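Quick note, in the numbering used here, the sequence shown goes up one by one and the last residue is 1001.
Ideal placement from N, C-alpha and C gives every residue a C-beta, glycine not left out.
None of these values were measured; they are calculated from a predicted model.
Everything on this sheet refers to the single structure shown next.
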Amino acid sequence: MDKVFISYSHKDRAWVKDWLLPRLELHEIQTHIDYRDFEIGVPALVNMERAVEECAKTLMVLTPNYVNSEFSQFEAIMLQTQDPIGLRKKMLPLMQTKCDLPKRLAMITYADFLDKNNHETELIRVVNQIKKDFGLLPPPKPDYPTLAEENIYIERLPETGFTLFGRQKELKILDDAWQASTTNVISFVAFGGVGKSTLVKKWAERLRWENYRGAQKVFAWSFYSQGTNERVTSAEQFINYALKWFGDADPAAGSAWDKGQRLANLVRRQKTLLLLDGLEPLQSAHEFEKGKIKDPALSMLVQELARDNNGLCVITTRQPVFEMANHPECCTQHDLEKLSPQAGAALLRLQKVSGSDAQLEAAVQNFGNHALAINLLGAWLHDLPGHDISSAQDIANLPEVTEADGKHPRRVMAAFAQRFGASAECDLLNVLGLFDRPVDLAAIAAVTKAPVITNLTEFLSGQSDAAFRSTCDSLRRAKLLAPESSHNPGTLDCHPLVREHFAAQVQQAHPHAWREAHSRLYDYYKNLPEKELPDTLVEMEPLFAAVAHGCLAGKHQEAIEDVYFKRISRENDSFIVKKLGAFGSDLAALSNFFDPPWRQPAAGLTDADKAIVLSWAGFGLRSLGRLREAAEPMQAGMENLIQQKNWKQAAVAAGNLSELFLTIGEVQQAVAAAHQSVDFADRSGDGFQREVARTQAGDALHQSGVLDEAEKFFREAEAMQQQSQRSYRYLYSLQGFQFCDLLLSQGQVEEVLLRAELILNVGVKDRVLLEIGLGNLSIGRAYLQMILRQAQGPEISTEAEPAEAGLSFTDHPTSTLRYFGKTQHKQAQGSYIAKATTHLNQAIAGLREFSAQEFIPKGLFARAALHRMQGHFPAAWQDLHEAQEIAQRGEKGLHLADFHLEACRLCLAEGRKTEAQEHLSTAEKMVHKMGYLRRVPEIEVLLKMLV
């Protein structure tokens, strides 16, 4: 019964069918209309009578044609018979064209559609009246306070320029998520062009009408870049800008992980709506970590908000977000479905495309139910006489393009290019394909200046301003160019798939034009900064663009020497990473010197620079915690150096590779690389490198469980150091810490205390945070073993000391606590506990300040063991879980195994034997799989305890 019958004159059919009907149905008003719903074979008057009788309302489209129509008069008389003076509100008059009404209709208030500029407003009045009468209106909305402009930043959302159709379900999902406050992060996943950005932008506009429904902060950012191919993109500009916007005191301070943590804390301090659009350029495509966010700061932000959020974070992307998977109770990922045939047909109707509903729906399906394709198709058909849907069959299929690569929208793009032919429109589309983001008009002018680039700018060069505006207007009507941005005037933008399509056309068909255009942009951007040596990331942005365009122009060597090395890195100063800490931006710039990243350096580089960029890339990837990715360029770089017989640098590369393999849990590969490093160092004859290579070999062998051979390498290194640095009796710095780690495994606590004091003193004297942290850590761990030694055996150590250390492993972990109260050494043990506590706290604080992600877990594991021994179980778990998070985000396999071992001990101390068994089982599998055989004695002891 709750349907609306549309009564109109067939002479006004076009407006009713193309404008009114689609909009009513978009607002979920159920309609009844003659050409679709009248029963075939039944007299028209009977159908009319039945429609008036069965529908709750009849909407009368009042025009001169309607007033003079016999059929329409019949319908009006029928209505007046049922509701003579309009008390039942069966009649809903809509004045579309000025006309003289019969007295029986003139007495009824009508909706005024005479002013075209007021159509949408009046439509809302009509819809609300219908829903009110049908009892469909939602309850009155709260009156939210106005949100000040300084608390809103949405300028970064792209100008989509498309109407939203068929997304009522998704809009409701977003509304419910925002109002319920039980969802922390929500993501919409789909191929490019399906309408993700349009959905979020339109939803944000709806919120704006209601003062953002109680949000205290609204922040939006778009990461989208060119097309469907994975690009190396950095989130540093977003992180730095967002930290400053949310009020961080020093956005440049701390590691990437620290920045992400701080930003999460700032975001959830109040009810914040955070919109992250087009996340896919920052997600991994590797199968072993598919969908993981590659930027550590952004990854940490999303992880933290997934765990705890006072507002809502909305993400759009082309693949599921790895970081959300651990919190299914408060994070939801939705596959954004393609448009329904009905919604697509309504979208075509809106663009005045003619044809039956069945024809329109068939066309929608033929174009993959793809929102961008349907929008473009409507624009393409609109320029044809009659706008008939049958013309869509003339558009070629492009069998070589997959749906994932935008097959259907690219079909229409190709059809537009064919229609435009040799024209300024095609030239401009091809020029936009040179860029991966919105572009300012000055950059376009740099490409289109004289002389003309054949096959690229012949029709665009020399255009007057008026002619250029006309070209832009033409492309905007075609929906190939985004509407002009009110936030970024003077820039042009288009959908990433549009850029990718036309870029591919130029690059494949006219490679000379492609290179020449990028060469001009290289010159333009490298000369754009006011300073020869920019001081900030924002000031450096044109140089990043110069590197990208220079490499696309084939000028790899010039770009690396004149821009990257001299102005971005500032030669050997490594300014961008050492001063700005911008590892992500540096890596994004370096990616241009590879084809593809990170496997093969560009052919345009010298052999020496090929080796260098491989080394730099490996270093950058390691710094960002992308360890498995780092292995490939580091391995290739080492092989390149071996071919050059550059033994010193080959030794350095092999040593770095050994450390990397150790971290990710490939222990045997680490041992092999370390042996290579020793060999290459000996060939080089470099004294310092020979020392370092031996300590790296010693550390790798230690983790593999070969303690005696490990000690031999450390002793050799120490003897070499005593020859070159006679004032130092013991190894110090990282090498000294690694040797102390081995000695603790052998139970040589007193010797460790002597050596660790040297490490600490050198660090304090030279003010080196890492050495101070490692010195304190070694001393704290030594005192931890002193506590165990005094206890004479009732504790299980964090290290599996051998029998000669005087420790037994047969009792329950909690027995140490009972023993402390009885032993005659109670006072000494209290002193050891105090010293262990002090040094471990100082170690963790120092390592945090240095952002030493590799070593912080070691400190946390030791302090967790100390907490456990004192019965402080919640504090122990807090340290353990923090160590686990660091290990998980950095692919640190050895640390993850250590987590499960200490978690097993802690569960035993708490009397939770089942959980202890689960942790031990996981640790045992990991230890043997990784070759982390140093931990086998600990596992054997714990297995006996669990029997």
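Report yes if the C-beta distance between residue i and residue j is below 8 angstroms; otherwise report no.
i    : j    : result
S288 : S905 : no
M984 : L934 : no
A400 : L80  : yes
A727 : A708 : yes
Q789 : R783 : no
L641 : A567 : no
L962 : A937 : no
K348 : R680 : yes
I37  : V58  : The structure shown does not extend to residue 37, since the chain is modelled only from 55 through 1001, so no value can be given for it.
L146 : V180 : yes
A558 : F598 : no
V667 : P655 : yes
Q150 : D66  : yes
Taking 7 angstroms as the limit between beta carbons, can you name the residues of its chain near residue i, skipping five residues before and five after?
i    : result
K313 : I293, L297 and A351
E763 : L755
R737 : W701
G817 : E825, I826 and G829
T864 : Residue placement at T864 is poorly supported in this model, since its pLDDT is 30, which falls under 50; the coordinates still yield a value, given next. Result list for T864: empty, nothing under 7 angstroms.
E625 : F619
A684 : G672, L675, R676 and L714
G544 : D494 and L495
Measure the beta-carbon distance from residue i to residue j and round it to whole angstroms, keeping in mind my assumption that it falls under 8 angstroms.
i    : j    : result
A754 : L716 : 6 angstroms
Q757 : V706 : Q757 to V706, Cβ: 20 angstroms. No contact.
Y164 : V115 : That belief does not hold up - the Cβ atoms of Y164 and V115 are roughly 10 angstroms apart, past 8 angstroms.
K702 : Q730 : No, K702 and Q730 are not in contact; Cβ-Cβ is about 13 angstroms, not under 8 angstroms.
A244 : L390 : 4 angstroms
L950 : A941 : 5 angstroms
L317 : L355 : 5 angstroms
Q324 : N364 : 7 angstroms
Leaving out five residues on either side along the sequence, give the residues of the same chain with a beta carbon under 6 angstroms from the beta carbon of residue i.
i    : result
K998 : none
L488 : A571
E284 : Legend: pLDDT at E284 = 45, less than 50; position of this residue unreliable, value from coordinates given subsequently. If we look at E284 and ignore the five residues flanking it on each side, its Cβ neighbours are A339.
L606 : H572
T868 : Unreliable placement is indicated for T868, whose pLDDT of 45 sits below 50; no coordinate value is reported for it.
Q472 : none
Which first and last residues belong to the alpha helix (DSSP H) in which residue i is found?
i    : result
M467 : K461 to F474
T749 : G741 to Q757
Exposed or buried, what is residue i when buried is set at 16 or more other beta-carbons lying within 10 Å of its beta-carbon?
i     : result
Q337  : buried
V239  : buried
N171  : exposed
R54   : With the chain represented from 55 up to 1001, any question about residue 54 goes unanswered, as that position is not in the structure.
S778  : exposed
E772  : buried
Q1008 : Since the first and last residues shown for the chain are 55 and 1001, residue 1008 lies out of range.
N451  : exposed
G827  : buried
I841  : buried
R809  : buried
Q896  : buried
K632  : exposed
R872  : Only weak support is given to the placement of R872: the predicted model assigns it a pLDDT of 41, under 50, and the value that follows is read from those uncertain coordinates. Exposed: under 16 other Cβ atoms inside 10 Å.
M161  : exposed
N122  : exposed
D952  : buried
K250  : buried
W434  : buried
In its own chain, which residues sit with a C-beta less than 8 angstroms from the C-beta of residue i, not counting the 5 before and 5 after it?
i    : result
Q611 : G658, L659, T660 and D663
K967 : C961 and L1000
State the start and end residues of the unbroken beta strand (DSSP E) segment that holds residue i.
i    : result
A274 : K271 to S276
T200 : T200 -> no beta strand (DSSP E), and no H or E assigned at all.
C384 : From DSSP, C384 is part of no beta strand (DSSP E); its letter is neither H nor E.
T252 : Counting along the chain, T252 falls outside any beta strand (DSSP E), though it belongs to the alpha helix (DSSP H) covering K250 to W263.
P687 : Unbroken run through P687 is the alpha helix (DSSP H), L681 to Q698; no beta strand (DSSP E).
C367 : L366 to T371
D331 : T326 to D331
S573 : Taken as a continuous stretch (DSSP letters only), S573 belongs to no beta strand (DSSP E), being part of the alpha helix (DSSP H) at P565 to K580.
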